[in-house]
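Undergrad:
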Amino acid sequence: MSDSNSPEFKPREALALSMPQREAVIERLTRSFAEDAITMDEFERRAELAYRAVSMADLQVLVSDLPVDSAPAGGSVSHGKGQSRVATGDRIRTLLGSTERGMPGIMPRFLRVRTMLGNTELDFRQSTFEPGVTEVNVRCLMGNVELTVPDGVRVEIFCTSVLANVGFNDHRARDGSDDSIPLRDGGNANSGSTSGVNTGSAMSSERVLRITGRAIFANVEVHRGSLRREP
Numbered sequence: 000m001s002d003s004n005s006p007e008f009k010p011r012e013a014l015a016l017s018m019p020q021r022e023a024v025i026e027r028l029t030r031s032f033a034e035d036a037i038t039m040d041e042f043e044r045r046a047e048l049a050y051r052a053v054s055m056a057d058l059q060v061l062v063s064d065l066p067v068d069s070a071p072a073g074g075s076v077s078h079g080k081g082q083s084r085v086a087t088g089d090r091i092r093t094l095l096g097s098t099e100r101g102m103p104g105i106m107p108r109f110l111r112v113r114t115m116l117g118n119t120e121l122d123f124r125q126s127t128f129e130p131g132v133t134e135v136n137v138r139c140l141m142g143n144v145e146l147t148v149p150d151g152v153r154v155e156i157f158c159t160s161v162l163a164n165v166g167f168n169d170h171r172a173r174d175g176s177d178d179s180i181p182l183r184d185g186g187n188a189n190s191g192s193t194s195g196v197n198t199g200s201a202m203s204s205e206r207v208l209r210i211t212g213r214a215i216f217a218n219v220e221v222h223r224g225s226l227r228r229e230p
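Here is the structure:
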């Protein structure tokens with residue numbers, strides 16, 4: 000789709016389209032982004048055009064090349080209004096809802112986390128990390144993502160933030176038991192912030208969790224926490 004074909008915004012004509020009609024297209028675009036059918040930049044571009052559209056034809060062209068929506072998958076934990084979708088393999092999606100999930104078993108080498116207008120909390124403390132790098136790719140738009148990791152796994156963050164916060168809270172750094180020196184990632188843009196980030200290279204026998212992706216108007220936090228066992 001080319002911007003040269005974008006509709007000219009005419010306030011009076013735009014009143015012919017109702018807000019629910021525009022929001023239906025925005026929701027379709029949101030689902031497509033969560034399914035990785037379009038990029039975040041493309042989602043933002045099309046969403047803006049949806050609010051500028053002056054006819055149903057203008058709206059329909061924004062979604063004409065998108066895949067048909069699939070039914071929500073099961074296995075999710077939802078709170079309040081909205082929907083959350085959780086895949087059992089290498090992808091976790093949350094849309095207009097909340098997902099809270101433990102991750103027992105062997106961690107996949109590559110995990111996608113997609114959150115839009117929602118909250119995703121993943122607990123890796125019972126996960127088995129194999130030696131080498133495990134990557135979690137996060138795309139978060141106007142939402143919150145929190146990841147809890149166990150001791151013995153080094154965290155690297157290469158996540159771009161746009162008007163967002165990306166942080167790593169490590170209790171070992173506070174009590175002086177962490178031998179590493181946190182470094183600040185240089186990959187942030189547009190007033191985003193990153194704190195407590197270790198960006199060193201991984202040793203072959205070391206277990207590393209690498210966080211990549213992009214956060215826009217969002218909060219992405221990694222916490223280190225040991226499992227608490229009753230005496």
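Position 69 of the sequence shown, counted from 1, bears residue number 68 in numbering that gives the first Met the number 0, the numbering being contiguous throughout.
Virtual Cβ for every residue (Gly too), placed ideally from N, Cα, C.
Give the range of the beta strand (DSSP E) segment to which L94 is assigned.
TA: Per DSSP, L94 belongs to the beta strand (DSSP E) from 90-94.
Undergrad: If the criterion is Cβ atoms closer than 8 Å, does the pair V24 and V62 meet it?
TA: Taking 8 Å as the Cβ cut-off, V24 and V62 qualify as a contacting pair.
Undergrad: Assign G142 to buried or exposed, taking buried as 16 or more other Cβ atoms, counted over all protein chains shown, within 10 Å of its Cβ.
TA: By the 10 Å Cβ count, G142 comes out buried.
Undergrad: Taking DSSP as the reference, what is the three-state secondary structure of R44?
TA: In this structure, R44 counts as helix in the three-state DSSP scheme.
Undergrad: Among the residues of its own chain, which have a CB less than 6 Å from the CB of P209, if the five just before and after it don't count?
TA: It should be noted that the sequence gives Arg, not Pro, for residue 209. Closer than 6 Å at Cβ, skipping near neighbours: V132, E134, E155.
Undergrad: Kindly list the residues whose CB is nearer than 6 Å to the CB of S126, restricted to its own chain and excluding five residues on each side of it in sequence; keep chain order.
TA: Counting only Cβ-Cβ distances below 6 Å, and skipping sequence neighbours, we find M102, M106.
Undergrad: To the nearest angstrom, how far is it from the Cα of R44 to the Cα of R51?
TA: So the alpha carbons of these two residues sit roughly 11 Å apart.
Undergrad: Starting from E26 and walking both ways along the alpha helix (DSSP H), at which residues does that stretch end?
TA: That run of the alpha helix (DSSP H) goes 18-33.
Undergrad: By Cβ distance below 6 Å, which residues in the same chain neighbour P149 in space, the five residues on each side in sequence not counted?
TA: The answer, listed in chain order, is R124.
Undergrad: Pick out the complete beta strand (DSSP E) segments inside the region 108-184, 3 residues or longer, and give them in chain order.
TA: Qualifying beta strand (DSSP E) stretches, in chain order: 109-115, 118-122, 131-140, 143-148, 153-161, 164-168.
Undergrad: Alpha helix (DSSP H) containing V62: first to last residue?
TA: Taken as a continuous stretch (DSSP letters only), the alpha helix (DSSP H) holding V62 covers 55-62.
Undergrad: Considering just the uninterrupted stretch of the beta strand (DSSP E) at V219, what are its terminal residues?
TA: Per DSSP, V219 belongs to the beta strand (DSSP E) from 218-223.
Undergrad: Quick one: is S204 buried, meaning 16 or more other Cβ sit within 10 Å of its Cβ, or exposed?
TA: S204 is exposed by the Cβ-count criterion.
Undergrad: What three-state label does DSSP hand A214 in the structure shown?
TA: A214: strand per DSSP, three-state reduction.
Undergrad: Give me the Cα-Cα distance between A214 and V161, rounded to the nearest whole angstrom.
TA: Distance between the alpha carbons of A214 and V161: 6 Å.
Undergrad: Among M55, S54, L28, which one has its Cα closest to the Cα of F42?
TA: Closest by alpha carbon: L28.
Undergrad: Excluding the 5 residues preceding and the 5 following Q20 in the sequence, name in chain order all residues of the same chain whose CB lies nearer than 8 Å to its CB.
TA: Cβ neighbours of Q20 beyond the five flanking positions: M55, L58.
Undergrad: Looking at H222: is its Cβ nearer than 8 Å to the Cβ of E145?
TA: Yes, the pair counts as a contact, with Cβ atoms nearer than the cut-off.
Undergrad: M115 to A33, Cα distance in whole Å?
TA: Roughly 7 Å between the two C-alpha positions.
Undergrad: Going by C-alpha distance, which of R153, G151, E120 is nearest V137?
TA: Closest option to V137, Cα to Cα, is E120.
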